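Enquirer:
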Amino acid sequence: MKKFITGNHAVAEAVRLCRPDVVAAYPITPQTPIYEQLADWDSAGELGGTMVKVESEHSAMATCLSASLTGVRTFTATSSQGLALMHEMLHFAAGSRTAVVMAVVNRSLAAPWAFWSDQTDSLSQRDTGWLQLYCEDNQEALDTTIQAFKIAEELMLPVMVMLEANFISHFMEPTEVPEPDQVDEWLLPVNIPRRFDLSNPGFMNGVVSAKQYRDFRRLASDAMEHALTVVERVDKEYESTFGRSYGLVETVDCADAELVLVTTATITSTARVALASLRSKGIKVGLCKLRLFRPFPVKALRDVLDNAPRVAVIERNISIGREGIFCSEIKSALINSPGRPKIQGYLAGIGGTDVNTQLIEWVVQDAITREVFVDQPIWVDDAVLEGEAQ
Amino acid sequence: MNNNNTIDVLDAGHAACPGCGYAIGMKTVLKALGSKAVVVVVPSCAAIIAGPFPNTSLGVPSFHSAFEIAAPTAAGISAALKRQGISDVTVLAFAGDGGTFDIGLQALSGAADRNEDFIYVCLDNEAYMNTGVQVSSSTPMYSWTGTSPNGNTKNKKQIMEIMAAHRIPYAATASIAFPEDLMAKVEKAKTMRGTRFIHLLAPCNTGWKIAPDEAPLVSRLSVESNIFPLYEIFDGLRYEINYQPKRLPVENYLAVQGRFSHILPDQIKAVQTETDRAWAELCAREARTRQLYGDTPVAIDCESGTKEI
Ligand SMILES: Cc1ncc(C[n+]2csc(CCOP(=O)(O)OP(=O)(O)O)c2C)c(N)n1
Ligand code: SF4
Ligand SMILES: [Mg+2]
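Here the protein sequences line up with chains A and B, keeping their order.
According to this note's numbering, the first sequence is numbered sequentially starting from 37.
According to this note's numbering, the second sequence is numbered sequentially starting from 8.
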């Protein structure tokens, strides 16, 4: 059924469809509507599972991870400060090989205080061992959330689904909400190990030796590598039932492109519009949307970018002291490309500032005419755009 | 006491220091808990005693969680078991005083406020022992620790009052010197639902600087001198004192422990005064319980003051 809903609502719909057993959450703008919506359904007896209204995000993750180890389906959602507070538990949830699914509404981290879209919160959790998927719109947020349960429970690795503050969390879009029986058929009841088995008592997470630690990390790393296949397969399975899929990366007009613009999340939608206009002016520009960030889809990216002469990465996050985080990752993925594409990073939309078509066109013009590619990010802000207009 | 259901769930070969009073506490609790249980431990001596991977001294399924999340870990397991239709398995969390009074207090308070269904046993050895004896908010006044080298300068936090303020169905103090009382409390807790809290004074031979065979003696002295009275609180309101102490001078308790070796006569007096005050306060609460809620079954002579025996 098509519904005109916000991205937060779309995520909540997806969670309800997946019949979670334990949902533990704590409010934070702009995630709160997910929590409230699930709580509403819980009080109406429509959620099915147990809702634990914890006193912090740290405890939300503690509750979810232990419930997951007990063998049930678990979900939480957070944002920004809440995600940062969870950090210790994120490592713990992944290291314990749980199947927790979490929606993260990307929001600027304090200080200073702000409530705008910025991806640095989830990207700061890069090394926690969670899968990370970045969504472009409400529909993708809903579909990815449903896919996430299947992926997490197959791999026994936790999955984070990112939607941007305001642009997705609060903007309304017509969104196809699948029928419950369709989802039931596609996502079978949870069947993950029940770690606390009375007939076979063991002690989970005992202190390990250095070698044992290394071996556990190796296993998790292998599972993460295998995740590339699983994410791709689940996406295809989803398509065959629901008619929508997203890939690890998505490409538009890349084959003959002199410049490929790499984007994630909502900037992609604006880029689609800008690129159509640029193409109509004869500018050979392509678009590569990165959807999966962990595991990093090196092969999928190299297939697109190995032979691109120029690459521009435009992004709404920064590793202060370096550059945009996606840009660094893409550079490292292409370091052994035979064609050695030139790569330039652009920071746009930091703190939720507007990224419009004019800005994207400026980036394309800059990257396509640039003689020297620099290893610092170029901040694209109003001043740059106005300077260009003068 | 019904012991039919008990098993030896803490095996020999665990990794505690010789004579460890804390390990005796764990063993006694586990014995009363029985085999239909899931146990959570968090970083503390309990996690060491539970054993290094892949070995374990615990005879029930158990989980080494993170330091400050004993309560929400137990809550998560308990909620998940219920979703699986399992209602006859008790979830019990062990945490140290640091993991309870300090870093885990917020999470414990949240879980207690929601009256999550588990038994929480605070193994209180009055300092951070796993990390080598540092002061916690449970460390008593004047006690030496590695971070209170001249003696602690503040009174022990009143965790039982904090737990009572949550109006949880059951909170009790217990001692390894009174194993039957301890086991009865665990068994009573098992019959209840919601958040049940047991505050177990767990002597640490290493950190308290006592000989390997002195943990039970020191525990007994803690009760008999009123440093650590044995009582229960029902629904956070009704107090019941379980044992009539001999009211030995606190000096008896302090003098046998190396951690108080530097204590001065005035300081001993101060401890005595505070102990008498706390006992009078506890007795007043029990009397108030009787006044408001009717008779409690145990009659205790609640006059304050010290008797020489
Ligand atoms: C977040 C965090 N901070 C610090 C530690 C280090 N740590 C592990 S055990 C411990 C001491 C535990 O003290 P307590 O809870 O009293 O238990 P005990 O060791 O005395 O049994 C500390 C500080 C940790 N594991 N996690
Ligand atoms: S440090 Fe203390 S509590 Fe820990 S095992 Fe040794 S004696 Fe027991
Ligand atoms: Mg301690």
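Backbone N, C-alpha and C fix where the C-beta goes; we use that ideal spot for every residue, glycine too.
Here the structure is a predicted model, which is why all the values come from computation and not from measurement.
Please indicate yes or no: does the CB of Met33(B) lie closer than 7 Å to some heavy atom of ligand 3?
Expert: no
Enquirer: Looking at ligand 2, does it come within less than 7 Å of Tyr29(B), judged from the CB to the closest heavy atom?
Expert: yes
Enquirer: Excluding the five sequence neighbours on either side, which residues of its own chain have a C-beta within less than 7 Å of the C-beta of Thr306(A), listed in chain order?
Expert: Val391, Asn392, Thr393, Ile396
Enquirer: Taking C-alpha atoms, which residue in Ala201(A), Leu264(A), Gly283(A), Met260(A) lies nearest to Asp271(A)?
Expert: Gly283(A)
Enquirer: Against Pro272(B), what residues of chain A qualify as contacts under a CB-to-CB distance less than 9 Å, listed in chain order?
Expert: Those within 9 Å of Pro272(B) in chain A number zero; the least Cβ separation is about 44 Å.
Enquirer: Determine the burial state of Pro66(A): buried for a count of at least 16 other Cβ atoms within 10 Å of its Cβ, exposed for fewer.
Expert: By the neighbour-count rule (16 or more Cβ atoms within 10 Å), Pro66(A) is buried.
Enquirer: Using only CA atoms, which one of Gly139(B), Arg203(B), Leu17(B) lies nearest to Glu239(B)?
Expert: Arg203(B)
Enquirer: For the region 323 to 392 of chain A, list the beta strand (DSSP E) runs that are entirely contained and at least 3 residues long, ordered along the chain.
Expert: 328 to 330, 346 to 351, 378 to 383
Enquirer: Please confirm if His21(B) has its CB atom under 8 Å from at least one CB of chain A.
Expert: Chain A, which has no Cβ nearer than 8 Å to the Cβ of His21(B), makes this no.
Enquirer: For Gly388(A), I'd like the list of residues in its chain whose CB is within less than 7 Å of its CB, leaving aside the five on either flank, ordered along the chain.
Expert: Ser144, Trp152, Ser153, Asp154, Ala201, Asn202
Enquirer: Taking the alpha carbon of Glu273(A) as the point to measure from, which residue in Gln183(A), Pro377(A), Ile41(A) has its own alpha carbon closest?
Expert: Gln183(A)
Enquirer: Would you call Glu49(A) buried or exposed, if buried means 16 or more other Cβ atoms sit within 10 Å of its Cβ?
Expert: buried
Enquirer: Rounding to the nearest angstrom, what Cα-Cα distance links Glu189(A) and Gly66(B) in this structure?
Expert: 28 Å
Enquirer: Could you please tell me which residues of the region 84 to 110 of chain B, in chain order, have their CB closer than 8 Å to any CB of chain A?
Expert: Ile84, Ala86, Ala87, Leu88, Lys89, Arg90, Gln91, Val96
Enquirer: Rounded to whole angstroms, what's the CA-CA distance from Asn44(A) to Gly81(A)? Just pull it up for me.
Expert: 20 Å
Enquirer: Helix, strand or coil: how does DSSP classify Ala23(B) here?
Expert: coil
Enquirer: Could you check whether the Cβ of Tyr300(B) sits closer than 8 Å to any Cβ belonging to chain A?
Expert: no
Enquirer: Is it the case that the region 166 to 179 of chain A contacts the region 315 to 327 of chain A, given that we only count it when at least three CB pairs across the two stretches are under 8 Å?
Expert: Here the region 315 to 327 of chain A lies against the region 166 to 179 of chain A, with 3 or more beta-carbon pairs under 8 Å apart.
Enquirer: Please report whether the beta-carbon of His173(B) lies at a distance below 8 Å from any beta-carbon of chain A.
Expert: no
Enquirer: Could you give the first and the last residue of the continuous beta strand (DSSP E) run that contains Leu28(A)?
Expert: With chain A covering 37 to 426 only, the question about residue 28(A) has no answer from this structure.
Enquirer: Under DSSP, the beta strand (DSSP E) around Ile175(B) begins and ends at which residues?
Expert: Neither: Ile175(B) is in no beta strand (DSSP E) and is coded neither H nor E.
Enquirer: Use the C-beta contact count for Asp418(A): other C-beta atoms within 10 angstroms, 16 or more gives buried, fewer gives exposed.
Expert: exposed
Enquirer: If you run the structure through DSSP and keep just helix, strand and coil, what is His71(B)?
Expert: strand
Enquirer: Using a Cβ-Cβ cut-off of 8 Å, state whether Ser79(A) counts as contacting chain B.
Expert: no
Enquirer: Residues of chain B with a CB under 9 Å from the CB of Gln155(A): which are they?
Expert: Under the 9 Å cutoff, chain B gives no residues; its nearest Cβ is about 27 Å from Gln155(A).
Enquirer: For Ala87(B), is the beta carbon positioned less than 7 Å from some heavy atom of ligand 2?
Expert: no
Enquirer: Would you please verify whether the beta carbon of Ala30(B) is less than 8 Å from any beta carbon of chain A?
Expert: With 8 Å as the cut-off, Ala30(B) does not count as an interface residue toward chain A.
Enquirer: Have a look at Val420(A) and Ile371(A) and give me their C-alpha separation to the nearest angstrom.
Expert: Each residue's Cα considered, the two are about 30 Å apart.
Enquirer: From which residue to which residue does the alpha helix (DSSP H) around Arg266(B) run?
Expert: No alpha helix (DSSP H) holds Arg266(B); DSSP gives it neither H nor E.
Enquirer: Glu221(B) lies in the beta strand (DSSP E); which residues open and close that run?
Expert: Note, Glu221(B): premise wrong, no beta strand (DSSP E); not H, not E.
Enquirer: Does the beta carbon of Asn137(B) fall short of 7 Å from some heavy atom of ligand 1?
Expert: yes
Enquirer: Any idea if Gly301(B) is buried or exposed, counting beta-carbon neighbours within 10 angstroms, 16 or more meaning buried?
Expert: exposed
Enquirer: Do you know how far the Cα of Val36(B) is from the Cα of Asp283(B)?
Expert: 29 Å
Enquirer: Give the residues of chain A in contact with Gly58(B), contact being defined as C-beta atoms less than 7 Å apart.
Expert: Phe239, Gly242
Enquirer: Closest to Gly456(A) by C-alpha separation, out of Phe235(B), Ile56(B), Ser143(B), would be which residue?
Expert: Past the edges of chain A, shown from 37 to 426, lies residue 456(A), and the structure says nothing about it.
Enquirer: With distances taken between CB atoms, is the gap from Val400(A) to Leu337(A) smaller than 8 Å?
Expert: no
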